[in-house]
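These protein sequence lines are chains E, L and A, in that order.
To convert, note that position 165 of the first sequence is 165 in this note's numbering; the numbers rise steadily by one, no gaps.
Counting the second sequence from 1 gives a position; this note's numbering is that position plus 342.
Counting the third sequence from 1 gives a position; this note's numbering is that position plus 684.
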Amino acid sequence: MSNYVLNTWYPLTWSRNVGHALTAHQILEQQVVLYRTEGGKVIAMEDACPHRLLPLSMGKLRGDAIECGYHGMTYDCSGKCVRVPGQDLIPSSAFVRTYPIHENMGLVWIWMGDPAMADPGKVFDLPQYHDPRWSAVEGDALEIKANYLNLADNLCDPAHVSFVHLSTLGNAASEDVPVHSEQQDGKVVTWRWVIDAPPIPLFAKHGHFKGNVDRWHYYYYHAPSIAVIDFGSAETGTGAPEGRRDNCIQIFACHFITPVDQDTCIDHWLHVKNFQADAQVNAELSADFRVAFSEDKTILEAIQRNERRLPSRRTVKIAIDAGSQRMRRLVERMREAEAPTA
Amino acid sequence: MSNYVLNTWYPLTWSRNVGHALTAHQILEQQVVLYRTEGGKVIAMEDACPHRLLPLSMGKLRGDAIECGYHGMTYDCSGKCVRVPGQDLIPSSAFVRTYPIHENMGLVWIWMGDPAMADPGKVFDLPQYHDPRWSAVEGDALEIKANYLNLADNLCDPAHVSFVHLSTLGNAASEDVPVHSEQQDGKVVTWRWVIDAPPIPLFAKHGHFKGNVDRWHYYYYHAPSIAVIDFGSAETGTGAPEGRRDNCIQIFACHFITPVDQDTCIDHWLHVKNFQADAQVNAELSADFRVAFSEDKTILEAIQRNERRLPSRRTVKIAIDAGSQRMRRLVERMREAEAPTA
Amino acid sequence: MSNYVLNTWYPLTWSRNVGHALTAHQILEQQVVLYRTEGGKVIAMEDACPHRLLPLSMGKLRGDAIECGYHGMTYDCSGKCVRVPGQDLIPSSAFVRTYPIHENMGLVWIWMGDPAMADPGKVFDLPQYHDPRWSAVEGDALEIKANYLNLADNLCDPAHVSFVHLSTLGNAASEDVPVHSEQQDGKVVTWRWVIDAPPIPLFAKHGHFKGNVDRWHYYYYHAPSIAVIDFGSAETGTGAPEGRRDNCIQIFACHFITPVDQDTCIDHWLHVKNFQADAQVNAELSADFRVAFSEDKTILEAIQRNERRLPSRRTVKIAIDAGSQRMRRLVERMREAEAPTA
């Protein structure tokens, strides 16, 4: 386990995927087995029987305990061995590491660091997700063969949409609009306003605007692995830049990133919007996001390959990098703060 | 060539697969070309022409000599170069290493160590294989992406059948029955008896028992790479545990392992049984073994992957490990005995 | 970038494949993006934007400049950054390395070394390629998973055709005919004559000979990566060995090798012959060469695998190796001459 932040809640998988059956996952280069007890609680353990290292996910649930598929050694929800077939004495070293788990916003969150520090009250939350006046739609778990901080760069970066997402989230009107950023408590905000410009394709489709709009992008990056992108548009002249959002379309695009290993991450994305829509419109919205994030995936994977080829290459910095540089410094400080215990 | 025992006869391939044609094999990380001479003798050479290293298996047989497929350099059965096209003088360094070979029990056995020590009289034999009162059926060559000693663990381990092979070789009756083991000359025996229990699926199918049976499993591991599993059942009360086997069903399941490299081995398996059967019953028996060994393969390959991920992890030992620990110490002593010459 | 000759013109790709669109290539372990300007000139740049390392081949042409697909940074034909969207100041470090390019014989040639030394007058040329009395036919770009010098060995080696190419370029008549070689200025010549023998399959098909022929093979290897094989036949007794070639069939088989990395090269092959032929005959000739070079590919890839397995194995040298040994010494001297600047 190398340079990851440990003492934080990471998104691991969608709650909808975890039932009373064993499933295997990888995070921070660790293998984890997950299941939901008969009482509905999600349990996470290291996915290796301490006897021969067979993945426990290849075993069976016996009630709420896991029976290893090789010799039947059985572990309860706390990871304690409660049975060794053929012998009465259970070795004291026969236990499996478990990880604190909490569910919120349709996701299972895991704590890979010091369990004593795991406070469920600190799991990330977006209030609008639970607000009936808003509408939340879960997306996919998109695997990207790239370091999670390269995806994080992309999520502190309103500028790329003008070049990467021309069919969905961006258009040429914003190419030269400057970007601002600042660090706030535990997060980095990067934003820009595009004033009096045609709506982007996604808003043209769903916003029913008559003329030009004022468009905002606020990228909130909650280090180390969560992004909430608040973007929206209002008709030009209605005062959106000054804070009035009465007649606007607004979407929170959320990205919950699982760092799998140094070259792989999973982007669990969902969106929360300030208007109701039927299943077909929701599916259309998700399809548009799917197109956009697949464009990011293509770019991030190509960058990852070139970084592997050119490990010592110094890159050029430009103005729009300020947000991602702030984010990387913030993550670095979180790591450094953990160094003495690691 | 790292930590393998060298001075021993290893099974390499089925005799049935070796004719008057060149075939390529790998054992102990070495490439070997094999063929049968016109007179019927099996020849084994390193599979690399000493000129440019082209595999000789890509060449042609000229009588009993191999002609390299690149420039026609030709080697006789002793590995000596007998022709260099375009020149009369044959360089003294132009020879190919050959390996002692012996055939027995339907297999080609190879000696990868010091040829002076290769005694064909020491090739493994099971007398019942040749006894007309018994019936032998050859199985497959099952490639397993696991170290051969992990497969060996499995073959010193009667306990796993109660959890891994429920549809064929095991049942729940034996889950808690203790296992015994001891080292004998050059081999390790691991065994257990299951008294007065329902027959396992394989014996229920072929044994025509009316009630419960006494079942034995004796796992003989001939280090470093041969296992013979003597297992059978007799009706409870007929004295099998005391040594009477008059009315029993008994099968020797033999495993002849080729260590290919540190992460791969090939299990050549066959079975010899104390009853005659027609082709259909033999095929059914082989099909059942095929199911069981494929279950082992799945488990051993998953363990191998976890061992690669967790190279320094100390594992927990339980009572049923005594047999495999004895086997590993025996193999280790065989290696150490070779160290001065290696 | 390890042990390659740098200051030389390397073939990179067929001119026919380069239009006004971005294509990605690899040579000497470097990534290169290629395109043809609106004016018809071929431009080559390192295939990585200096900002985030996204391959520029994933961007767009804006006129003759490349716009990066991530943030729109734009580079002109000299590699100079001419636009950074969102800011006026262009960082002085924002430039992309370009490579000298020249086209000849249907190929794009690239200079990976010191640009100041790149003299287009030194790009390889075969005068007959341009001579209307001769007939040139372009072949393929054959990828071979082998070090380019192993392919070079093969192209300094008339002897292998008697064993590898029996259906096309060789026959048994030449098995024992000795090979000669000498170094000339910047190249190695390896040759042999086969006197008064049946024509090889290719010449039997196209040469309409009545009886035996005198056949020559002159392999010219222009270090480090070009081979021209002058081979032909004339009826025996018409004086070909003495220099008369009036009634002969003669073909220059040219191999233009791109070293991709230590285990991969691309053989761009074409042939130039002293007789005219219709499209069908040309296609038949190319098909025959395709068969022959595919035979070489099979052999060279097997050798490469064995070399990786046996890195310290000393090989046996025989008489026919003299040509390839001369070639390798010549390449080695070219490298050594570059060492002080490298």
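We put the CB at the ideal spot given by N, CA and C, even for glycine.
Buried or exposed (CB count within 10 angstroms, at least 16 for buried), residue i
| i | result |
| --- | --- |
| residue 343/E | Nothing can be reported for residue 343/E, as the shown portion of chain E is limited to 1 through 342. |
| residue 459/L | exposed |
| residue 637/L | buried |
| residue 552/L | exposed |
| residue 866/A | exposed |
| residue 773/A | exposed |
| residue 992/A | exposed |
| residue 324/E | buried |
| residue 132/E | exposed |
| residue 1021/A | exposed |
| residue 579/L | exposed |
| residue 436/L | buried |
| residue 514/L | exposed |
| residue 798/A | exposed |
| residue 622/L | exposed |
Residues that residue i contacts on chain E, provided the C-beta gap is smaller than 7 Å
| i | result |
| --- | --- |
| residue 771/A | 318 and 319 |
Contact set between residue i and chain E, taken where Cβ atoms lie within less than 8 Å
| i | result |
| --- | --- |
| residue 737/A | 303, 306, 307, 310, 313 and 315 |
Listed by chain order, chain L residues near residue i by CB distance under 8 Å
| i | result |
| --- | --- |
| residue 859/A | 414, 427 and 428 |
| residue 911/A | Here the premise fails: no neighbours, minimum Cβ distance about 17 Å. |
| residue 31/E | 648 and 651 |
Neighbour flag for residue i against chain L, beta carbons, 8 Å
| i | result |
| --- | --- |
| residue 784/A | no |
| residue 44/E | no |
| residue 342/E | The pLDDT assigned to residue 342/E is 45, lower than 50, so where the model puts this residue is not dependable, and the model offers no usable value. |
| residue 844/A | yes |
| residue 693/A | no |
6 Å Cβ shell around residue i - same chain, five flanking residues per side excluded
| i | result |
| --- | --- |
| residue 400/L | 411 |
| residue 813/A | 789, 820 and 956 |
| residue 517/L | 504 |
| residue 730/A | 780 and 781 |
| residue 962/A | none |
| residue 368/L | 602 |
| residue 735/A | 757 |
Proximity test, Cβ basis, 8 Å: residue i and chain E
| i | result |
| --- | --- |
| residue 474/L | no |
| residue 862/A | no |
| residue 775/A | yes |
| residue 778/A | yes |
Per-residue contacts from residue i into chain A (C-beta, under 9 Å)
| i | result |
| --- | --- |
| residue 164/E | 753, 754 and 755 |
Cross-chain neighbours of residue i in chain A, by beta carbon under 8 Å
| i | result |
| --- | --- |
| residue 27/E | Going along chain A, no residue has its Cβ under 8 Å from residue 27/E, so there is no contact; the nearest lies around 25 Å. |
| residue 322/E | Residues of chain A passing the Cβ test: none, with the nearest at roughly 11 Å. |
Contact list for residue i against chain E, beta-carbon separation under 9 Å
| i | result |
| --- | --- |
| residue 641/L | 52, 54, 58, 69 and 70 |
Nonlocal neighbours in the same chain, by C-beta distance under 7 Å from residue i, ignoring five residues either side
| i | result |
| --- | --- |
| residue 891/A | 883, 917 and 933 |
| residue 1010/A | 865, 867 and 872 |
Same chain, Cβ closer than 8 Å to residue i, five either side skipped, listed in chain order
| i | result |
| --- | --- |
| residue 987/A | 830 and 834 |
| residue 335/E | 3, 4 and 5 |
| residue 43/E | 34, 35, 36, 37, 64, 77, 98 and 101 |
| residue 564/L | 466, 528, 529 and 570 |
| residue 480/L | 356, 358, 448 and 612 |
Proximal chain L residues relative to residue i, where beta-carbon distance stays under 7 Å
| i | result |
| --- | --- |
| residue 939/A | The contacting residues do not exist; residue 939/A stays about 18 Å from chain L at best. |
| residue 48/E | 648 and 652 |
Whole-angstrom C-beta distance between residue j and residue i, which should lie under 8 Å
| i | j | result |
| --- | --- | --- |
| residue 429/E | residue 109/E | The structure shown does not extend to residue 429/E, since chain E is modelled only from 1 to 342, so the question has no answer here. |
| residue 408/L | residue 398/L | 5 Å |
| residue 699/A | residue 787/A | 5 Å |
| residue 20/E | residue 662/L | That belief does not hold up - the Cβ atoms of residue 20/E and residue 662/L are roughly 29 Å apart, past 8 Å. |
| residue 558/L | residue 573/L | 6 Å |
8 Å Cβ cutoff, residue i in contact with chain A
| i | result |
| --- | --- |
| residue 679/L | no |
| residue 405/L | no |
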